[in-house]
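Residue numbers (my numbering): 9 to 428. For each residue, glycine too, the CB sits at the ideal point set by N, CA and C.
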Ligand code: DSN
């Protein structure tokens, strides 16, 4: 390998080098509150950008279609064993590239095309791969959707049960991207048993809380559990599927060769690192603090007059109705971005606006908790969010909030020592 091959990105590609520099600066000078984002440890990032990116290893440990996989096998087996321990799972597949493929693979393993599935409506906090008509799931399966209560915005399990009795699904999906309360997996399983359905839990958002003991575990109630690995779980971008042992063979075949070819071995190994980190006692504190921070944020927002779905949160996210400030989610997201508070526009239950410019924003605490911010800062951020939305056309006020955000950020090092 010659010198040119061994150049750093700064020499090899100045344009992309600039992207890295600017993204690091954006992170350093902003408050990352997108509920599905987090920061990986240096070790996870290191392994994601490692020599393992070069390998092909179609198949499973000990049964590969390529040679030279003795070290990849160690990494994949470690990832599997650690995930089993973390979630008390009998079977784990660590190869899914993303949450969407994991869900697709689970549906393919458990169902026939066109089968009826009952899941949470996207408008009420569900996920795209839970049967939205624009997504493969909505095109390939016959989805019905349960909704939250119109007054309280809580899920009412009696309503879910009635719905299940009506549509007789083959699969019930319990999971969300924007529901701020706990899921009752035991109640979901009772309903599934009553109607003869399987239960799948998609814990993408709450996996880190489950691993840290801050949300009930879907096992043993769920037959199959899918999750991304990069949200509250704080691993590399990717996903895993877990299940009762009896579904393992079908799930393995659905992942490879059913849906995917070669696994991303650098990501599989980084998942192993993240699971090791999540097994450490310190991770319990992280999960707890993530929840405490979300509660403090919700309280502060409400004290400053904000309208919050379900009047609070049990998990890592807050769903805020921004219609009282005379704007849609698009403007809210962009004005908050301008002051350095990163959130995303989001439908609120029974929203009358479109998903492109809905009535809400979703705000989460996983990333800032990783960065070390606590409840005092969350209270201050609640105030800053309301101030920003109330003064969204007042450049002077926005500049003052921006200064306060920068001051707060400067107190919390961001990947210290990482330079591009
Ligand atoms: N895109 C994700 C989220 O933001 O919730 C869903 O996986």
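Pick from the options that is closest to residue i, judged by C-alpha positions
i: residue 46; options: 215, 400 and 272; result: 215
i: residue 374; options: 155, 410 and 212; result: 212
i: residue 104; options: 226, 259, 152 and 132; result: 259
i: residue 102; options: 263, 117, 70 and 138; result: 263
i: residue 68; options: 57, 81 and 62; result: 81
i: residue 298; options: 240, 65 and 253; result: 240
i: residue 66; options: 341, 266, 111 and 408; result: 266
i: residue 167; options: 242, 293 and 195; result: 195
i: residue 58; options: 33, 244 and 201; result: 244
i: residue 334; options: 316, 367 and 317; result: 367
i: residue 156; options: 306, 186, 176 and 19; result: 186
i: residue 123; options: 178, 171, 98 and 85; result: 178
i: residue 153; options: 255, 169 and 9; result: 169
i: residue 302; options: 288, 127, 159 and 383; result: 383
i: residue 353; options: 369, 347 and 362; result: 369
i: residue 274; options: 79, 42 and 33; result: 79
i: residue 131; options: 316, 362 and 405; result: 362
i: residue 348; options: 13, 89 and 418; result: 418
One or two residues paired with residue i in a DSSP bridge
i: residue 124; result: 150
i: residue 350; result: 40
i: residue 182; result: 209
i: residue 101; result: 249
i: residue 371; result: 326
i: residue 234; result: 210 and 249
i: residue 72; result: 67
beta-carbon residue i near ligand 1 non-hydrogen atom, thresh 7 angstroms
i: residue 298; result: no
i: residue 185; result: yes
i: residue 236; result: yes
i: residue 44; result: yes
i: residue 135; result: yes
i: residue 204; result: no
i: residue 247; result: no
i: residue 107; result: yes
i: residue 212; result: yes
Where residue i falls: helix, strand or coil (DSSP)
i: residue 394; result: helix
i: residue 429; result: In this structure the chain extends from 9 to 428, so residue 429 is not present and cannot be described.
i: residue 356; result: coil
i: residue 292; result: helix
i: residue 258; result: helix
i: residue 315; result: strand
i: residue 362; result: coil
i: residue 14; result: coil
i: residue 228; result: coil
i: residue 20; result: helix
i: residue 116; result: helix
i: residue 418; result: helix
i: residue 141; result: coil
i: residue 409; result: helix
i: residue 241; result: coil
i: residue 25; result: helix
i: residue 331; result: helix
i: residue 400; result: coil
i: residue 427; result: coil
i: residue 131; result: helix
i: residue 278; result: helix
i: residue 96; result: coil
Exposure label - residue i; buried when at least 16 CB within 10 Å
i: residue 360; result: exposed
i: residue 345; result: exposed
i: residue 290; result: exposed
i: residue 271; result: buried
i: residue 329; result: buried
i: residue 115; result: buried
i: residue 220; result: buried
i: residue 295; result: buried
i: residue 73; result: exposed
i: residue 318; result: buried
i: residue 415; result: exposed
i: residue 147; result: exposed
i: residue 427; result: exposed
i: residue 293; result: exposed
i: residue 498; result: It is not possible to answer for residue 498, since the shown part of the chain is limited to 9 through 428.
i: residue 277; result: buried
i: residue 342; result: exposed
i: residue 457; result: No answer is possible for residue 457: it lies beyond the span of the chain, which begins at 9 and ends at 428.
i: residue 129; result: buried
i: residue 364; result: exposed
i: residue 149; result: buried
i: residue 55; result: buried
i: residue 30; result: exposed
Residue i CB to nearest heavy atom of ligand 2 below 7 angstroms
i: residue 377; result: Ligands in the displayed structure: ligand 1; ligand 2 is not one of them.
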